[in-house]
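Just so you know, the sequences run in chain order S and V. Count along the first sequence from 1, add 13, and you get the number used in my numbering. Count along the second sequence from 1, add 1, and you get the number used in my numbering. What follows is one structure encoded as structure tokens, with my remarks underneath.
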Amino acid sequence: MIRAAVFAGGLLLAGPAAAAHPDLTIGVSSFPSTLHPAIDPDLIKFYVLGFSDRPVTTFDASGKLLCLLCTRIPSVANGDAVPEGAGMAVTYRFKPGLTWGDGAPLGAADLAFTARVGRDPNSGFANTHTWAIVSRVDVIDPLTAVMHFTELNYQFDQLGELLPAHLEESVFDRAAGPGEYARQSFYARDPTNAGLYNGPYRITGYDSGSRVVLERNANWHGKRPYFDRVIVKSIGNTAALQTNLLSGDVDMIPGEGVGLTLDQVLALQKQTPDQFVYAYKPNLTYTHIDLQLDNPILADVRVRRALLMGIDRQSMVDRLMGGRVPVANGFVNPIEPTYDADVAKYPFDPDRARALLKEAGWTPGDDGICRNGAGDRLSLEFSTSSGVRARELLQQVMQSEWRHIGVETIIRNEPARTLFGETLKHRAFKGMAMFAWSSGIESTPRQILHSGQIPTAANNWGGGDYTDFHNATMDADIDAMERELDPEKRRTLWLEMQKIYSEQLPVLPLFFGSEAHVWPPWLKGLVPTGTNAPTTLWAEDWYAE
Amino acid sequence: MKRFLLARTGQAALVLLVMSFVIYSLIGLMPGDPIDIMIASNPGATPEVVAHLRAIYGLDQPIVLRYAHWLFAALHGDFGYSRTHSQPVMVVLLPALWQTCKLMLTSFILSVALAFLLGVLAALKPGGILDAIVSLFAFAGISVPVFWLALVFILIFAVTLHALPASGISTVGDGGFVDQARHLILPVTTLALANTGQFTRFVRAAMIETLRMDHVRTARAKGAGEGRIVLIHALRNAMIPVVTVMALSFGGLFSGALITETMFAQPGMGKMIYDAILGNDFNLALTGLLFATLVTLISNLLADLAYGWLDPRISL
Chain S
14 MIRAAVFAGG LLLAGPAAAA HPDLTIGVSS FPSTLHPAID PDLIKFYVLG
64 FSDRPVTTFD ASGKLLCLLC TRIPSVANGD AVPEGAGMAV TYRFKPGLTW
114 GDGAPLGAAD LAFTARVGRD PNSGFANTHT WAIVSRVDVI DPLTAVMHFT
164 ELNYQFDQLG ELLPAHLEES VFDRAAGPGE YARQSFYARD PTNAGLYNGP
214 YRITGYDSGS RVVLERNANW HGKRPYFDRV IVKSIGNTAA LQTNLLSGDV
264 DMIPGEGVGL TLDQVLALQK QTPDQFVYAY KPNLTYTHID LQLDNPILAD
314 VRVRRALLMG IDRQSMVDRL MGGRVPVANG FVNPIEPTYD ADVAKYPFDP
364 DRARALLKEA GWTPGDDGIC RNGAGDRLSL EFSTSSGVRA RELLQQVMQS
414 EWRHIGVETI IRNEPARTLF GETLKHRAFK GMAMFAWSSG IESTPRQILH
464 SGQIPTAANN WGGGDYTDFH NATMDADIDA MERELDPEKR RTLWLEMQKI
514 YSEQLPVLPL FFGSEAHVWP PWLKGLVPTG TNAPTTLWAE DWYAE
Chain V
2 MKRFLLARTG QAALVLLVMS FVIYSLIGLM PGDPIDIMIA SNPGATPEVV
52 AHLRAIYGLD QPIVLRYAHW LFAALHGDFG YSRTHSQPVM VVLLPALWQT
102 CKLMLTSFIL SVALAFLLGV LAALKPGGIL DAIVSLFAFA GISVPVFWLA
152 LVFILIFAVT LHALPASGIS TVGDGGFVDQ ARHLILPVTT LALANTGQFT
202 RFVRAAMIET LRMDHVRTAR AKGAGEGRIV LIHALRNAMI PVVTVMALSF
252 GGLFSGALIT ETMFAQPGMG KMIYDAILGN DFNLALTGLL FATLVTLISN
302 LLADLAYGWL DPRISL
């Protein structure tokens with residue numbers, strides 16, 4: 014009896030047998046709601062799909078657009094993009110020999126089907142706007158398709174994941190009513206179907222909310238991946254995620270917004286500097302403070318400039334973020350080709366900030382806080398998502414620095430869903446709101462800077478121009494940029510937009526982001542991108558040493 | 002008895018109906034909606050796209066109408082579709098329920114057994130050394146946060162000793178009984194220790210009170226052995242208040258083990274309900290919470306039935 018109990022105890026406590034590294038277990042803090050590439054887009058889904066479902070094109074770590082499924086990037090110069098009436102025709106040429114995981118050929122028919130689904134407003138696609146301007150797709154041959162746009166589209170050369178027509182077309186044809194296709198799709202009903210995937214791995218296990226198991230795709234056309242199996246394991250609590258890393262239950266935690274935050278990785282590196290490889294890569298996340306321009310205090314550009322000159326962003330970066338992120342001077346990231354390094358900058362200069370406030374009619378009172386001629390205090394509400402420790406810390410530093418130039422800030426933080434779901438959406442914030450955007454290379458700023466995107470009851474509180482910024486030149490530049498096919502001419506428009514932004518300062522730019530990855534020393538070949546293209550798009554280059 | 006059961010079933014149905022409306026309305030009153038969550042950090046989503054997505058998910062309708070649609074379908078056995086899992090609600094809920102059953106039942110049985118053992122031992126000599134040790138253990142169980150306890154266990158048994166897995170429900174490629182049991186040890190122990198403290202205090206208090214009662218004194222005077230006195234004469238009487246507390250805790254365990262499930266990456270009901278509420282997944286959150294309510298109602302009913310068995314003077 015005792016011997017049996019000891020044996021059973023031994024079985025329970027014995028760890029799995031040690032082996033080389035046939036498997037790679039990745040710990041993440043979230044889980045995709047669906048694996049359908051065009052419905053409910055989120056970072057974790059594209060991280061997982063990077064292993065198994067390749068987009069037609071993507072940006073590499075240097076910000077260069079690459080073909081993954083096509084033979085060349087369509088352009089006006091190579092004749093694959095041709096103006097056509099008010100719109101344009103773009104030819105996509107697929108690599109020969111591409112197949113889905115079940116061996117079915119991949120190519121032009123899949124693009125035509127994807128466009129068909131995308132154009133259907135009932136499909137539930139998050140990005141219906143791009144597909145809505147596609148009038149039709151002509152399948153020239155199995156590897157060539159011509160997409161006809163009803164208007165000029167500067168991002169015509171970027172094409173995401175395709176849907177497998179051989180599986181999904183019959184589902185789509187049968188779907189009746191809004192959202193029905195999303196519910197009946199193979200991605201929802203049979204996510205381990207090999208025919209849904211075209212990457213080096215295919216999904217063989219899917220435990221909703223818990224883990225995704227990927228194994229080699231026998232029908233992958235490219236380099237054979239090293240790992241037999243990749244397991245993406247979701248652990249919602251980041252403290253538990255870190256202990257899982259330390260215990261070896263997970264091998265690595267990626268950056269890319271699906272694992273630990275920068276401050277958590279910096280803290281982990283201090284505790285265990287030699288146990289893991291720590292990689293930091295600037296990315297396209299943009300942390301900023303939206304200003305309520307309806308507020309008479311903030312309507313004065315001199316006050317806005319004084320606020321920016323009153324905070325020492327570089328010190329914050331150095332002390333709170335380990336110097337790992339770049340200070341932002343505008344909304345365009347330095348890694349983007351359209352970035353302008355010569356925009357107006359507002360370095361930390363408290364004296365100049367005080368002078369600007371004085372010029373704007375604000376002079377310090379007995380308590381150090383400025384007052385205007387009417388005796389009003391220079392007091393502003395300052396909000397961010399409560400519970401985000403790093404941001405709350407930044408907020409306190411800024412509050413203290415602004416006090417030194419005579420600006421009082423009253424911190425009024427809210428849970429993320431209240432801040433984004435109510436306060437910002439309805440433009441109900443009274444002063445300043447700090448948050449971050451994550452965009453793509455050369456993403457249009459229409460949603461955040463075009464006056465047509467100011468949320469109002471009339472547009473059902475849609476749009477992201479929360480500051481009420483309206484500038485006719487900015488509107489015209491955005492309209493023109495979205496229709497300009499010549500990259501050089503487009504760049505000129507981007508430069509003007511950045512100039513207006515930096516001079517008008519409807520938003521206080523703070524920092525760009527940085528991905529913080531942790532992986533074991535034996536893992537090689539992983540290259541952080543920083544461009545919103547997940548590192549997993551190059552998973553076949555990963556190996557153990 | 003039959004009348005009692007019928008009355009309680011009717012009561013339970015009414016409670017569930019009222020609760021379903023209250024929960025649905027409360028979730029609907031929360032700021033933002035699923036589409037806000039879907040488009041968060043996506044500066045490319047235009048107002049037109051957002052409006053259309055709202056229509057697709059039926060969020061453009063008044064909440065009372067949405068509730069009425071849900072209730073009508075639920076009465077026909079269709080609990081709707083989970084937005085955050087892209088699956089019918091029951092397909093998501095049943096595996097979570099099974100996982101919770103494994104975790105909760107094991108930890109509940111363990112904590113009840115421990116609580117009775119420790120509570121009775123402590124009550125035998127109130128103020129003695131054993132009572133002090135048990136009380137210390139019980140207060141530690143009550144006051145130590147589950148979150149911290151879970152982290153300590155992971156650090157000791159997974160990080161330092163590498164003896165047990167830190168998270169998950171099974172190893173990919175294994176998943177046998179032993180493997181699943183290994184994955185349950187830390188979460189079950191954490192939950193059991195957290196509950197044992199509270200249960201022990203109740204058992205101890207009830208036993209001390211019962212051991213001072215006249216019928217126990219009489220039994221002792223009649224020369225009954227100490228074991229018989231404790232187990233037959235005292236324990237049965239002491240169980241009545243303890244059963245109430247345990248029944249209430251049992252219902253709560255089905256939805257309230259959020260921290261343990263999150264820390265050990267156990268995809269159970271607590272975490273599922275929490276994620277559904279945060280993700281504004283109306284159907285899943287509502288069905289999950291109603292299920293937790295149902296378990297609480299059933300546990301209370303069982304507790305009532307237990308009273309009748311424990312004390313024949315109580316008439317149902």
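Even for Gly, the Cβ is constructed at its ideal location relative to N, Cα and C.
Count the other C-beta atoms from every protein chain shown that fall within 10 angstroms of the C-beta of residue i, then say buried if there are 16 or more, exposed otherwise.
i                 : result
Thr285 of chain S : exposed
Val23 of chain V  : exposed
Ile423 of chain S : exposed
Asn91 of chain S  : exposed
Ala121 of chain S : buried
Gln408 of chain S : buried
Phe265 of chain V : buried
Cys102 of chain V : exposed
Met411 of chain S : buried
Val420 of chain S : buried
Thr261 of chain V : buried
Ala74 of chain V  : exposed
Determine the chain S residues that contact residue i at a beta-carbon separation under 9 Å, and present them in chain order.
i                 : result
Asp79 of chain V  : The contacting residues do not exist; Asp79 of chain V stays about 12 Å from chain S at best.
Lys272 of chain V : Gly222 and Gly249
Against residue i, what residues of chain S qualify as contacts under a CB-to-CB distance less than 8 Å, listed in chain order?
i                 : result
Tyr308 of chain V : The contacting residues do not exist; Tyr308 of chain V stays about 37 Å from chain S at best.
Gly169 of chain V : Ser223, Arg224, Lys246 and Asp262
Tyr82 of chain V  : Arg196
Apart from the five residues on each side of it in sequence, which residues of its chain come closer than 7 Å, Cβ to Cβ, to residue i?
i                 : result
Pro458 of chain S : Phe344, Ile491 and Met510
Lys443 of chain S : Gln305, Asn308 and Glu394
Thr104 of chain S : Pro87, Asp93, Thr157 and Val159
Ile57 of chain S  : Val41, Ser43, Phe44, Pro45 and Val271
Leu518 of chain S : Val314, Arg317, Arg318 and Leu321
Gly28 of chain S  : Any answer about Gly28 of chain S is weak, because its pLDDT of 43 lies below 50 and its placement is not dependable; what the coordinates show is given next. Closer than 7 Å at Cβ, skipping near neighbours: no residue.
Measuring alpha carbon to alpha carbon, tell me which of the options ends up nearest residue i.
i                 : options                                   : result
Asn346 of chain S : S:His301, S:Ser43 and S:Gln171            : S:His301
Gly261 of chain S : V:Leu212, V:Leu165, V:Phe22 and V:Leu122  : V:Leu165
Glu388 of chain S : S:Gly378, S:Thr397 and S:Ala489           : Looking at the sequence provided, one finds Gly at residue 388 of chain S rather than Glu. That would be S:Gly378, whose Cα lies nearest to the Cα of Gly388 of chain S.
Trp71 of chain V  : V:Gly224, V:Ile278 and V:Leu18            : V:Leu18
Lys77 of chain S  : S:Ala552, S:Tyr556 and S:Gly543           : S:Gly543
Met101 of chain S : S:Gly40, S:Cys83 and S:Gln168             : S:Gln168
Thr397 of chain S : S:Gly218, S:Ala368, S:Cys383 and S:Gly434 : S:Gly434
Tyr194 of chain S : S:His49, S:Glu372, S:Val263 and S:Gln288  : S:His49
Leu291 of chain V : V:Arg67, V:Pro32, V:His163 and V:Met91    : V:Met91
Trp415 of chain S : S:Ile467, S:Asp325, S:Gly336 and S:Gly453 : S:Asp325
Met31 of chain V  : V:Ala307, V:Ile278 and V:Leu306           : V:Ile278
Give the interface partners of residue i over in chain V, defined as CB-CB distance under 9 Å, in chain order.
i                 : result
Asp220 of chain S : Pro96, Ile170 and Pro268
Just to confirm my understanding: we take residue i, look at its own chain, exclude 5 residues before and 5 after, and list those with CB closer than 8 Å. What are they?
i                 : result
Arg85 of chain S  : Asn91, Asp93 and Arg106
Ser42 of chain V  : Here Ser42 of chain V scores only 47 on pLDDT, less than 50, and its place in the model is too uncertain to base an answer on.
Arg402 of chain S : Asp276
Pro44 of chain V  : Unreliable positioning characterises Pro44 of chain V in this predicted model, as indicated by a pLDDT of 48, which lies under 50. The coordinate reading is nonetheless provided below. If we look at Pro44 of chain V and ignore the five residues flanking it on each side, it has no Cβ neighbours.
Residues of chain V with CB under 7 Å from residue i, in chain order?
i                 : result
Asn135 of chain S : Ile57
Gly192 of chain S : Ile57 and Tyr58
Listing by chain order, which chain S residues have their CB less than 7 Å from the CB of residue i?
i                : result
Thr85 of chain V : Ser46
Gln88 of chain V : Ala201 and Ser221
Tyr25 of chain V : In chain order: nothing, as chain S lies at least about 18 Å away.
Residues of chain V with a CB under 8 Å from the CB of residue i: which are they?
i                 : result
Ala253 of chain S : Ala151, Leu152, Ile155, Ala167, Ser168, Thr263, Met264, Phe265 and Ala266
Leu506 of chain S : Within 8 Å Cβ-Cβ: nothing; Leu506 of chain S doesn't reach chain V, min ~18 Å.
Thr256 of chain S : Leu152, Ile155, Leu156, Ala159, Val160 and Ala167
Only counting the same chain, and skipping five residues up and downstream in sequence, which positions put a Cβ closer than 6 Å to that of residue i?
i                 : result
Ile209 of chain V : Ala124 and Pro127
Three or more C-beta pairs closer than 8 Å, one from the region 218-232 of chain S and one from the region 134-154 of chain V: is that the case here?
-> no
Three or more C-beta pairs closer than 8 Å, one from the region 204-224 of chain S and one from the region 112-129 of chain S: is that the case here?
-> yes
Between the region 424-432 of chain S and the region 481-490 of chain S, are three or more C-beta pairs nearer than 8 Å?
-> no
Does the pairing of the region 280-297 of chain S with the region 526-543 of chain S give three or more beta-carbon distances under 8 Å?
-> yes
Does the region 189-206 of chain V come within contact of the region 114-125 of chain V, defined as at least 3 CB pairs closer than 8 Å?
-> yes
Counting Cβ pairs, one atom from each stretch, are 3 or more of them under 8 Å apart for the region 266-277 of chain V and the region 100-116 of chain V?
-> yes
Report yes or no: do three or more beta-carbon pairs, one from the region 214-226 of chain V and one from the region 147-163 of chain V, lie closer than 8 Å?
-> no
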